[in-house]
Amino acid sequence: METNLISDIKKNTAEGKPLRQTFPVLGMSCAACAVSIESMLKSTKGVQDAGVNYANQTAWAKFDKSVKTKDLQNAVRAIGYDLIIDAEDPQHAQQQAQEIEYQLLKKRTIWAVALSIPLIIIGMLFMDGSNYSLPYANWLMMGLSFPVVFILGRKFFVNAFRQARLGKANMDTLVALSTGIAFIFSFFNTVYPEFWHVRGVHPHVYYEAAAVVVAFISIGKLLEGRAKSNTSSALKKLIGWQPKTVHIIRNEIEQELPVAQVLVGDTIMVKPGEKIPVDGAVRSGSSFVDESMISGEPIPVEKRQGDSVFAGTINQKGSFRFEAQKVGGDTILARIIHMVQEAQGSKAPVQKLVDEIAGIFVPIVIGISILTFVAWMIFGGQNAFSHALLTSITVLVIACPCALGLATPTAIMVGIGKGAENNILIKDAESLELAYRVDTVILDKTGTITEGKPAVTDMIWETTTQQQAIERQILYAMEMRSEHPLAEAVVHSLKREEIENTTLDQFESITGLGVSAVKDDIKYFVGNKKLMDDKGIAIGRKLLTETLEWQKQAKTVIYFSSGKQVLAAIGIADQIKSTSQEAIKTLRSRGIEVYMLTGDNEDTAASVAAEVGLLHYKAEVMPSEKAGFVKELQAQGKIVAMVGDGINDSQALAQADVSIAMGKGSDIAMDVAKMTLITSDLNMVPKALKLSGRTVRTIRQNLFWAFVYNLVGIPLAAGVLYSFNGFLLNPMIAGAAMALSSVSVVANSLLLKTGRL
């Protein structure tokens, strides 16, 4: 998992390494804005690299310790935007600022629409030359449009001016130029109509066009803002799992404090129905805890003394006290949230090309607008100037870099959010974009296909039921005191039967063989067959036949005996997960080759492969050989996904094209992997690949429509159809089309939320 950002900063500063920090951004209105901010950050002295994500309104920068965050903020403020750098909860501060801006935009939009409606009516029905001409119509329209363009649309002009001072341009530049020119031209025709009359030309005005463009773009921004807020709903849901307050016991006094004040080592009381605030271990009391939001398992987990509890999980009916062990950004929930935030802010490789296009889009559109004006002035005939002005304004209005800028990041945000809702944590956009191309999946055996810990699969007793009651207690007591890893499996199995512990008169560990104990003057042994042979204890034919069959199934066999006879035989194995066979079948049905790699012996590997339906496997593989096998497959042109959970898998995970860690595995595996499955359910692997395919398909759809919109819209706006059918696109319609293009892209991305993986 990602480490705590604050601790990373302190560590890196001490070591002189560059810092990498993410900041919420305020004021971005289009993809070209993101490009401008990114270039300003990169040009700041001491910044090594930077990136901006328009969809989730964040910026990141990698910089050396000589740079202060205030320097970054000032650089961004110089072009009309802002970074949140000092807030205790930056995301909350950003949400508040965005909510305030959204409400202001809503008011501006309502007023713009209210003032534009009479403008449209006058322009259509009461202009000079109509049957119902209105005296002073131009002056009335000027009075109605002025507040729309220069007061309600003031932000477009302010931002455009700030960009122009630095030789940059964005969508605000297009809107300011188009509406400003339309208003100024209309104002000239209203004040001095004789200039055109003496030339035999009617002085047209475009007040309604200028105002309606502002109104439509404002509506589009309002709809886009609402839709974009839905793209991060999964992240908001995760953040919502974090409780705000906590009951801390200090000096035997219980007090309710903000969760931010919890320190490692604090004792915390959790009452029925409360969310657990931080990670820790139970010290007293017991309860059942709903861990479904982390594990995906619907059944509450029993928690007793010594058991771990995790932030965001929900206590059921009992109450208990636990010691805080991981707080703040170190909790599993906080790291999950941080990972999702980082992933949603990352860029897919295709986005780099789109960013380059967005960066030059506005200057190209302005150039096309100027060429359109010149062409109409040369070839436009009697109404050349009027048509030249109308078409050049329409070109500026209809061109939209926003649809291009939103096409990839909104799909990535929704896709990563959809993954988080399904217990698939995606660390970066690149892996999400690549995963659908995977044609080969390598699975580690232990902890991936299997449970990763030994469990009792079989237990046969040679004695009567009445005798077993006492003998089971003795076996339980002996294994409780044993330090052998397999003893824990036996203890766990007998604990489910609610066997009571008993006192042993004597206990001894026999190295490499097992353990012995004395109870009521009878000596008992638990161990392997060699121990039974060394002690001269015979194993019955029927029992021996059964245990030989277990060994063929790669199970470990231990015996429980008195000094005279074997009382029971126990089969222990690392059990195959219930979902492994289904997951492998699903992958193979999609034409994906599946391999299993394991350090276990050939017999165990063959047994597991046969049980789950695997055709390809390799046994007795060293960690370095796993990475080598990945390279071999890649050399054959295959796109390889590696799925593992242990430190021994980390090298292969790093080598693979797509790396997936099982969530209950080692921290190193999860650090290296680009995806982490929170649950131990292997079915999440084909679901992750399917999610990648759906996300990439959505990106392609978005980019297709964004490019088609501009490729078709700009020539129409320039008037290419005029010579054929006399069609000229009205700037008002162009404004509506531009606004809807961004909304349609976001809406298409939101469709990713629907349907099951």
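Under UniProt numbering, the first residue of the sequence shown carries the number 1, and numbering increases by one thereafter.
Glycine included, each C-beta is placed from N, C-alpha and C at the ideal position.
Here the structure is a predicted model, which is why all the values come from computation and not from measurement.
- Rounded to whole angstroms, the Cβ separation of K168 and I37 is 10 Å, and the two are not in contact under 8 Å.
- Around the Cβ of V158, a 10 Å sphere holds fewer than 16 other Cβ atoms; the residue is exposed.
- Just so you know, the alpha carbons of I499 and I253 end up roughly 38 Å apart.
- Sequence-distant Cβ neighbours of V612 in its own chain, meaning closer than 7 Å and more than five residues away, are I449, I576, S580, Q581, I584.
- Looking at M413, G143, Q96, the one whose alpha-carbon comes closest to that of L115 is G143.
- For A182, the enclosing alpha helix (DSSP H) has its first and last residue at 171-191.
- Distances from the alpha-carbon of I117 to those of V148, L105, G514, L134 put V148 closest.
- Judged by DSSP in its simplified three-state form, I584 adopts helix.
- With a threshold of 16 other beta carbon atoms within 10 Å, M28 meets it and is buried.
- Rounded to the nearest angstrom, the gap between the Cα atoms of A652 and P686 is 19 Å.
- When beta bridges are read from the DSSP output, I714 appears opposite no residue.
- When DSSP reads this structure, S516 sits in a beta bridge with E508, F525.
- Judged by DSSP in its simplified three-state form, F63 adopts strand.
- A Cβ-Cβ contact shorter than 8 Å links G285 with S319.
- Two segments are said to touch when three or more pairs of C-beta atoms, one from each, lie closer than 8 Å; by this definition the stretch 599-617 does not touch the stretch 405-423.
- In the same chain as V282, and ignoring 5 residues on each side of it, the C-beta atoms closer than 7 Å to its own belong to K303, R304, Q305, G306, D307, V309, F320, F322, in chain order.
- Taking a 10 Å sphere around the C-beta of M662, we find 16 or more other C-beta atoms and assign the residue as buried.
- Judged by pairs of C-beta atoms under 8 Å, the stretch 242-256 touches the stretch 268-276, as three or more such pairs exist.
- D657 is the residue among Q636, G628, D657 whose C-alpha sits nearest the C-alpha of M642.
- With a minimum length of 4 residues, the unbroken runs of alpha helix (DSSP H) contained wholly in the stretch 621-646 fall at 623-635.
- Separation of the CB atoms of A137 and P731 is rounded to 19 Å, and the pair is thereby denied contact status at 8 Å.
- Residue pairing for N53: DSSP places it in a beta bridge opposite T58.
- About 4 Å separates the beta carbon of T598 from that of K445, a gap short enough to meet the 8 Å contact definition.
- Residue range 556-562 is occupied by the beta strand (DSSP E) that includes F560.
- Separation of T463 and V526 (C-alpha to C-alpha, rounded to the nearest whole angstrom) is 16 Å.
- Under the DSSP definition of a beta bridge, R250 partners with I253.
- When the five nearest sequence neighbours on each side are left out, the beta carbons in the same chain lying within less than 6 Å of the beta carbon of T372 are those of T391, S392, V395, A718, in order along the chain.
- Contact check for V365 against A399 passes: the beta carbons are separated by less than 8 Å.
- Between Q73 and D82, the C-beta gap is smaller than 8 Å, which places the two residues in contact.
- Going by DSSP, M28 is part of no alpha helix (DSSP H) at all; its letter is neither H nor E.
- Within the DSSP secondary-structure output, H616 pairs in a beta bridge with Y595.
- By the neighbour-count criterion, in which a residue is buried when 16 or more other Cβ atoms sit within 10 angstroms of its Cβ, K427 is buried.
- DSSP places T465 in the uninterrupted alpha helix (DSSP H) bounded by 465-481.
- Every alpha helix (DSSP H) of 4 residues or more that sits fully in the stretch 69-95 is shown, in chain order, as 69-77.
- Three or more Cβ pairs drawn from the stretch 477-488 and the stretch 510-520 lie within less than 8 Å of each other, which places the two stretches in contact.
- At the C-beta level, N710 and N748 stay beyond 8 Å of one another.
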